[in-house]
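Quick notes on the structure that follows.
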Amino acid sequence: ETGVTQSPTHLIKTRGQQVTLRCSSQSGHNTVSWYQQALGQGPQFIFQYYREEENGRGNFPPRFSGLQFPNYSSELNVNALELDDSALYLCASSLDREETQYFGPGTRLLVL
Amino acid sequence: DQQVKQNSPSLSVQEGRISILNCDYTNSMFDYFLWYKKYPAEGPTFLISISSIKDKNEDGRFTVFLNKSAKHLSLHIVPSQPGDSAVYFCAASDRNDYKLSFGAGTTVTVRA
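Order-wise, the sequence lines are chains V and B.
Each residue of the first sequence is one higher than the last, beginning at 133 in this note's numbering.
Each residue of the second sequence is one higher than the last, beginning at 1488 in this note's numbering.
Structural data, given as structure tokens:
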């Protein structure tokens, strides 16, 4: 059974650029959630995708967008990067929107 | 608006003794609670969960207690081992919402 994987592991961008982060869900899981974890804080929910449809969204601006593919992998896109977007971005997968979510290792994004 | 609070940022405990981590929540709609453990440079790892219909759940050295009237839960680790040194996050879910709301985490250090 393959766990949740994310790419890249680290990324450096400059303010105003765009970034795409990728996530492969755990084998058999059809639900992917994205979280942002700032330093010293707990993860904050960005949005969730279930069977290729957005299933809920947290308090993040529209420049945060996502996609889920037929194989249930997912992308997180962030446009017009701001310095405050520097954080660890975590992807989590689950089966049929179950509460227990399994996390990947995260992508560390630094915006300069 | 922080709906899940972990008021102790750190905890130091001697190897072999009990670790008790506390978590409070404000949203009465939360009905499922989870604990995650996180090592540096890794994603959160699911430890144990509890539904609001129960007041206790055990899994090996880990026990979670839920007090719904006080909107409080705790995680007991007995006995504590050096490998338990990590950041522990409390998370909660509303069955109608599917997202996880996290506390800020408690850093546990197990001393030899």
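C-beta: ideal position from N, C-alpha, C; glycine also.
Quiz item: Quick one: what does DSSP say D217/V is sitting in, helix, strand or coil?
Solution: The answer is helix: DSSP assigns D217/V an H, G or I state.
Is G1592/B close to chain V, meaning its C-beta is less than 9 Å from at least one C-beta of that chain?
Chain V, which has a Cβ nearer than 9 Å to the Cβ of G1592/B, makes this yes.
TODO: In the DSSP assignment, find the unbroken beta strand (DSSP E) run with V1574/B in it and report its ends.
DONE: Looking at the DSSP string, the run of the beta strand (DSSP E) that includes V1574/B is A1573 to S1580.
Check your understanding: If we ignore side chains and look at the alpha-carbon of each, how far apart do L1553/B and L244/V end up?
Key -> In a straight line, the C-alpha of L1553/B is about 43 Å away from that of L244/V.
What number of angstroms, rounded off, separates the C-alpha of F263/V from the C-alpha of L1508/B?
-> In the structure as shown, chain V begins at 133 and stops at 244. Residue 263/V is therefore absent and cannot be evaluated.
request  = Quick one: give me the first and last residue of the beta strand (DSSP E) that Y182/V is part of.
outcome  = Under the DSSP assignment, Y182/V falls in the beta strand (DSSP E) whose first and last residues are Q176 to Y182.
- Task: Check whether the Cβ atoms of V1551/B and S1539/B sit closer than 9 Å, and answer yes or no.
- Result: For the pair V1551/B and S1539/B, the CB atoms are not nearer than the 9 Å cut-off.
Mind checking V1565/B: buried by the 16 CB within 10 Å criterion, or exposed?
By the Cβ-count criterion, V1565/B is exposed, with fewer than 16 other Cβ atoms from all chains shown falling within 10 Å of its own Cβ.
Per-residue burial, K1541/B [other beta carbons within 10 Å of its own, 16 or more giving buried]: K1541/B sits exposed, since fewer than 16 C-beta atoms from the chains shown fall within 10 Å of its C-beta.
Inset, instruction - Measuring only between beta-carbons, confirm whether L1562/B sits less than 9 Å from chain V. - result: Between L1562/B and chain V, the shortest Cβ-Cβ separation is not below 9 Å.
task: Taking only beta-carbon positions, decide if T1532/B is within less than 9 Å of chain V.
output: Closer than 9 Å to some Cβ of chain V, the Cβ of T1532/B qualifies, so yes.
Practice prompt. In angstroms with no decimal places, state the Cα-to-Cα distance between N162/V and Y1585/B.
Written response: Taking the straight line from one Cα to the other gives about 14 Å.
Quick check: is the beta carbon of V151/V nearer than 9 Å to any beta carbon in chain B? With 9 Å as the cut-off, V151/V does not count as an interface residue toward chain B.
Meets three-Cβ-pair contact criterion under 8 Å: the segment 135–142 of chain V and the segment 217–236 of chain V | Below 8 Å, enough C-beta pairs join the segment 135–142 of chain V and the segment 217–236 of chain V to call them touching: three or more.
Subject >> Backbone secondary structure at G1570/B - three-state DSSP >> reply: DSSP, reduced to helix, strand and coil, places G1570/B within a helical segment of the structure shown.
message: Counting only beta-carbon separations shorter than 9 Å, does T134/V have a partner in chain B?
response: No, its Cβ sits nowhere closer than 9 Å to a Cβ of chain B.
Mind the definition here: the segment 1585–1599 of chain B touches the segment 186–204 of chain V only if three or more C-beta pairs lie below 8 Å; say whether that holds.
Three or more pairs of CB atoms, one per stretch, sit closer than 8 Å, so the segment 1585–1599 of chain B contacts the segment 186–204 of chain V.
*asked:* Since G1590/B and K1492/B should fall inside the 8 Å C-beta cutoff, what is the C-beta to C-beta distance between them, to a whole number of angstroms?
replied: The C-beta separation of G1590/B from K1492/B comes to about 6 Å, placing the pair in contact by the 8 Å criterion.
* Start and end of the beta strand (DSSP E) containing T1550/B? -> It spans F1549 to N1554 - the beta strand (DSSP E) in which T1550/B sits, taken as one unbroken run.
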